[in-house]
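*Asks:* Dropping a structure here in structure tokens format, bear with me for questions.
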Ligand SMILES: Nc1ncnc2c1ncn2[C@@H]1O[C@H](COP(=O)(O)OP(=O)(O)OP(=O)(O)O)[C@@H](O)[C@H]1O
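Residue numbers (the numbering used here): 2 to 265.
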């Protein structure tokens with residue numbers, strides 16, 4: 002049902018040819034001298050186009066750092082990241098909506114930044130609100146929405162960037178279990194419909210197994226790839242199903258062992 006996969010050079014070549022996100026021996030250091038922090042140390046990872054990859058690891062192991070490097074918000078200190086001609090969009094735990102704009106305005110602004118004209122902007126924003134099932138809330142302001150609805154707006158705004166790669170940093174971390182469950186279904190639907198490549202950071206092991214084609218377990222800082230779990234289960238999966246729970250337990254054990262090793 003599941004298996005641990007060791008990456009091969011052939012995997013890398015195939016994925017690179019198809020325009021995937023490929024990280025090769027990525028190192029990230031912050032600062033210099035004795036106070037320098039090595040956040041990532043030799044991370045190699047292949048994210049196939051159209052795949053869903055979840056990143057797990059102890060707090061501070063470099064997950065957000067990895068996303069910001071893929072997004073091009075920061076430079077690598079060593080190694081390389083390739084995502085051939087693929088624009089990327091990001092979504093965070095906080096929806097970071099503009100409180101003075103309506104839901105529609107918050108989506109339209111992302112289109113405006115991309116230079117989309119006024120009339121097309123309105124139509125496209127309405128379409129995106131339909132995609133995230135918020136039609137009818139277009140003229141509400143963020144404070145009138147629930148946390149889950151705000152994350153739907155944030156998702157619509159990320160989709161407005163028309164990027165083929167979506168980077169998500171604990172996007173559902175602050176939501177209750179039921180809302181999260183519903184958003185898993187929605188995200189899975191949108192990921193499939195739009196053929197997105199998703200890189201998703203989470204602390205929730207079951208969430209990672211519920212969503213991922215592969216779950217990447219990083220070591221404690223400095224982050225290195227400890228293991229890549231292929232999740233060969235039919236979709237949609239239920240977060241409380243026995244196969245999801247079984248693999249999540251296996252990964253949790255590995256994570257616990259890693260955290261314990263560094264606590265000594
Ligand atoms: N701009 C920065 N300057 C200096 N150190 C940084 C910077 N950003 C991150 N770090 C350090 O790099 C390490 C990795 O941080 P990062 O936020 O990537 O980890 P994380 O796995 O996302 O953590 P968490 O799970 O707690 O969100 C941490 O030790 C952090 O303090």
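Glycine is no exception: its CB is placed at the ideal position from the N, C-alpha and C atoms.
1) Does chain B have any CB closer than 8 Å to the CB of residue 36?
2) Whether or not the stretch 203 to 220 and the stretch 228 to 238 are in contact is what I'm after, with contact meaning three or more pairs of Cβ atoms, one per stretch, closer than 8 Å; do they touch?
3) Output the residue ranges of the alpha helix (DSSP H) runs that lie fully inside the stretch 186 to 225 and measure 4 residues or longer, sorted by chain position.
4) Looking at residue 41: is its Cβ nearer than 8 Å to the Cβ of residue 63?
5) On the CB-based measure, 16 or more other CB atoms within 10 Å of its CB, does residue 121 come out buried or exposed?
6) Does ligand 1 have a heavy atom nearer than 7 Å to the CB of residue 31?
7) Could you pull out every unbroken alpha helix (DSSP H) segment of at least 4 residues lying fully inside the stretch 95 to 176, listed in chain order?
8) DSSP has residue 55 in a bridge; who is on the other side?
9) Using the three-state DSSP reduction, which class does residue 45 fall into: helix, strand or coil?
10) Checking 8 Å against the spacing of the C-beta atoms, do residue 135 and residue 157 come in under that value?
11) Based on the DSSP output, what are the partners of residue 92 in its beta bridges?
12) Can you list, in chain order, the residues of its chain with a C-beta nearer than 7 Å to that of residue 94? Leave out the 5 residues immediately preceding and following it.
13) With H, G and I counted as helix, E and B as strand and the rest as coil, what does DSSP make of residue 10?
14) Based on the DSSP output, what are the partners of residue 38 in its beta bridges?
15) Return the chain-ordered list of same chain residues with a C-beta closer than 7 Å to the C-beta of residue 102, the five sequence neighbours on each side being excluded.
16) In angstroms with no decimal places, state the Cα-to-Cα distance between residue 61 and residue 30.
17) Find out if the Cβ-Cβ distance for the pair residue 165, residue 197 is shorter than 8 Å.
18) Taking 7 Å as the cut-off, is the beta-carbon of residue 213 closer than that to any non-hydrogen atom of ligand 1?
19) Name the residue from 108, 132 and 137 whose alpha carbon lies nearest to the alpha carbon of residue 123.
20) What are the boundary residues of the beta strand (DSSP E) that residue 1 is part of?
*Replies:* In terms of the structure at hand:
1) Here there is only one protein chain, and chain B is not present.
2) yes
3) 206 to 212
4) Counting from one through the chain shown, the residue named residue 41 turns up at place 40. Counting from one through the chain shown, the residue named residue 63 turns up at place 62. Yes.
5) Position 120 of the chain shown, counting from 1, holds the residue named residue 121. Label assigned to residue 121: exposed.
6) For the purposes of this step, residue 31 is identified with residue 30 of the chain shown, where counting begins at 1. Taking 7 Å as the cut-off, the C-beta of residue 31 counts as close to a heavy atom of ligand 1.
7) 104 to 114, 119 to 132 and 148 to 160
8) Walking along the chain shown from the start, residue 55 turns up at place 54. In the DSSP secondary-structure assignment, residue 55 is bridged to 201 and 216.
9) Along the chain shown, one-based indexing puts residue 45 at 44. The DSSP-derived three-state label of residue 45 is strand.
10) For the purposes of this step, residue 135 is taken as the residue at position 134 of the chain shown. For the purposes of this step, residue 157 is taken as the residue at position 156 of the chain shown. In this structure, residue 157 lies closer than 8 Å to residue 135 by Cβ.
11) Locating residue 92 in the chain shown gives position 91, where the first residue counts as 1. Under DSSP, residue 92 takes part in a beta bridge, and its partners are 169.
12) For the purposes of this step, residue 94 is taken as residue 93 along the chain shown, with counting starting at 1. 170, 171, 172, 174 and 175, listed in sequence order.
13) Reading the chain shown from its first residue, position 9 is the one you call residue 10. Any answer about residue 10 is weak, because its pLDDT of 41 lies below 50 and its placement is not dependable; what the coordinates show is given next. In the structure shown, residue 10 sits in a helix (DSSP, three-state: H, G or I).
14) Against the chain shown, residue 38 aligns to sequence position 37. Assignment of beta-bridge partners to residue 38 by DSSP yields 31.
15) Within the chain shown, the letter at position 101 stands for residue 102. If we look at residue 102 and ignore the five residues flanking it on each side, its Cβ neighbours are 110.
16) As a first step, residue 61 is located in the chain shown; it is residue number 60 there, counting from the start. As a first step, residue 30 is located in the chain shown; it is residue number 29 there, counting from the start. Using only the alpha carbons, I get a separation of about 13 Å.
17) Along the chain shown, read from residue 1 onward, the residue named residue 165 stands at position 164. Along the chain shown, read from residue 1 onward, the residue named residue 197 stands at position 196. Yes, the pair counts as a contact, with Cβ atoms nearer than the cut-off.
18) For the purposes of this step, residue 213 is taken as residue 212 along the chain shown, with counting starting at 1. Not so, every heavy atom of ligand 1 lies at least 7 Å from the Cβ.
19) In the chain shown, the residue the question calls residue 123 occupies position 122. Residue 123 has its Cα closest to that of 108, out of 108, 132 and 137.
20) Outside the shown range of the chain (2 to 265) lies residue 1, about which nothing can therefore be said.
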